[in-house]
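In my numbering, the protein residues as written are 4 to 442.
A virtual CB, placed ideally from N, CA and C, is assigned to each residue, including glycine.
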């Protein structure tokens, strides 16, 4: 029995419904398109009434604000995200929108391949959360479009809460023998969606120092009907070596539309460093870092000593430095089986219909359906960032039962958004650009 049928049967049984299976399949890519139409109308603005507004002030003095809505395919979408650390007179806009853009799941035996967001009713199976799953927080009710169980479209499925993360900083001041330390606090926003045997925790984590991390945690169960693989395509589960759980990949895409300081006309820069051997009288090797301005659409790949940042076109910090956010990739295993999964980062020119990295259903007929084919060399005036983080899941005995959460994701870190650490204690505030003690 194909795993998709197994997935749907399990969920339908849980809600007492019969649901017809949809055809699944990933889009292959033939190369970048020279141009693409941009005639689709923009999606309506999110409702940001009190019910759809989120605001949280953390103990360190930082306030995060945002709006949310629930999309019929992407699930939770966050919009108008702003960050206001202590000492800043007004909120600093960071993102116009942040959303999942695909979960692509190809199996190692080549028999099954899924697009969980656009082909597997990811959004329609939002799970109810109990208070124990949202410790110290608030659970919001979500109206789910085309819910798997139409009798219960309103789901208590969105948790907002805070969580300690340990040290935010520690510094021993040798001059005064004083130890400066602070315990950091995070603001979390998350949902749980079921796709067959899997359950995905979609987590957005906002730190008090301005960092935003985006993670998907896969948990739930292994599909027992996929205990049909062999050595090299799967891993033995249970007694002996008879039942092999088929190995597979989870290629997760996120779509980030930056609006730093309220402007979508942000700039993208790539930095590469080269280490050269010691020569002459040098004490050691030297490292030189160069900046490349990304002015046209890009399909980028991670490598040692390479990173990207998105730079505000309008705002500076109190030192006069342009505000920016740096892309901080997490561990990844790149899946090379499809064109759209062969790169780690894409930068495309904004198009309101381009919302999903593959099997994108929102554009007009004839529009390329995957992000790799949108990189056609257009000049960037309103860049959109697509991040691809992969995980090759080779099952293990410990994955049953239930399966421990395995996380994949990335972060964006503030770079020159504030003139100093936003959590700097008052007695160190004078040290901006200085190291010597004051007389």
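Residue i, DSSP secondary structure in three states
| i | result |
| --- | --- |
| residue 92 | coil |
| residue 80 | strand |
| residue 350 | strand |
| residue 344 | helix |
| residue 311 | strand |
| residue 272 | strand |
| residue 58 | strand |
| residue 432 | helix |
| residue 426 | coil |
| residue 265 | helix |
| residue 400 | helix |
| residue 53 | helix |
| residue 379 | coil |
| residue 46 | Any answer about residue 46 is weak, because its pLDDT of 44 lies below 50 and its placement is not dependable; what the coordinates show is given next. Here residue 46 sits in coil by DSSP. |
| residue 258 | strand |
| residue 437 | coil |
| residue 286 | coil |
| residue 361 | coil |
Straight-line gap, residue i to residue j (C-alpha atoms, nearest Å)
| i | j | result |
| --- | --- | --- |
| residue 416 | residue 245 | 47 Å |
| residue 136 | residue 70 | 22 Å |
| residue 45 | residue 376 | At residue 45 the pLDDT is 44, less than 50, meaning the model places this residue with poor confidence; the figure from the coordinates comes in the next sentence. Residue 45 and residue 376: Cα-Cα distance of roughly 20 Å. |
| residue 225 | residue 238 | 12 Å |
| residue 156 | residue 196 | 14 Å |
| residue 178 | residue 88 | 28 Å |
| residue 165 | residue 194 | 15 Å |
| residue 247 | residue 397 | 10 Å |
| residue 294 | residue 211 | 29 Å |
| residue 218 | residue 367 | 31 Å |
| residue 426 | residue 141 | 26 Å |
| residue 277 | residue 313 | 22 Å |
| residue 423 | residue 431 | 10 Å |
| residue 154 | residue 94 | 41 Å |
| residue 351 | residue 385 | 8 Å |
| residue 241 | residue 327 | 50 Å |
| residue 310 | residue 273 | 6 Å |
| residue 186 | residue 215 | 17 Å |
| residue 172 | residue 182 | 10 Å |
| residue 57 | residue 308 | 37 Å |
Segment limits, beta strand (DSSP E) that includes residue i
| i | result |
| --- | --- |
| residue 325 | 325-332 |
| residue 390 | 386-396 |
| residue 370 | It is not in any beta strand (DSSP E) - residue 370 carries neither H nor E in the DSSP assignment. |
| residue 408 | 406-418 |
| residue 296 | 289-297 |
| residue 383 | Careful: residue 383 lies outside any beta strand (DSSP E) and carries neither H nor E. |
| residue 71 | 66-74 |
| residue 301 | 301-303 |
Selected residue, minimal CA-CA separation from residue i, among the options
| i | options | result |
| --- | --- | --- |
| residue 336 | 284, 251, 276, 399 | 251 |
| residue 316 | 310, 374, 150, 325 | 325 |
| residue 392 | 90, 256, 152, 92 | 256 |
| residue 191 | 208, 183, 180, 274 | 208 |
| residue 333 | 118, 348, 75, 370 | 348 |
| residue 265 | 59, 76, 82, 51 | 82 |
| residue 198 | 286, 130, 184 | 130 |
| residue 134 | 119, 121, 161 | 161 |
| residue 414 | 399, 406, 330 | 330 |
| residue 306 | 184, 289, 361, 346 | 346 |
Closer than 8 Å: residue i CB and nearest the ligand MG heavy atom
| i | result |
| --- | --- |
| residue 392 | Within the structure as shown, the ligand MG is missing, as the structure has no ligands at all. |
Short CB-CB distance (under 9 Å) between residue i and chain B
| i | result |
| --- | --- |
| residue 92 | No chain B is present in this structure, which holds just one protein chain. |
Output the residue ranges of the alpha helix (DSSP H) runs that lie fully inside the stretch 87-173 and measure 4 residues or longer, sorted by chain position. 119-122
Segments assigned beta strand (DSSP E), at least 3 residues, entirely inside the stretch 197-256: 201-210, 215-223, 237-239, 247-249
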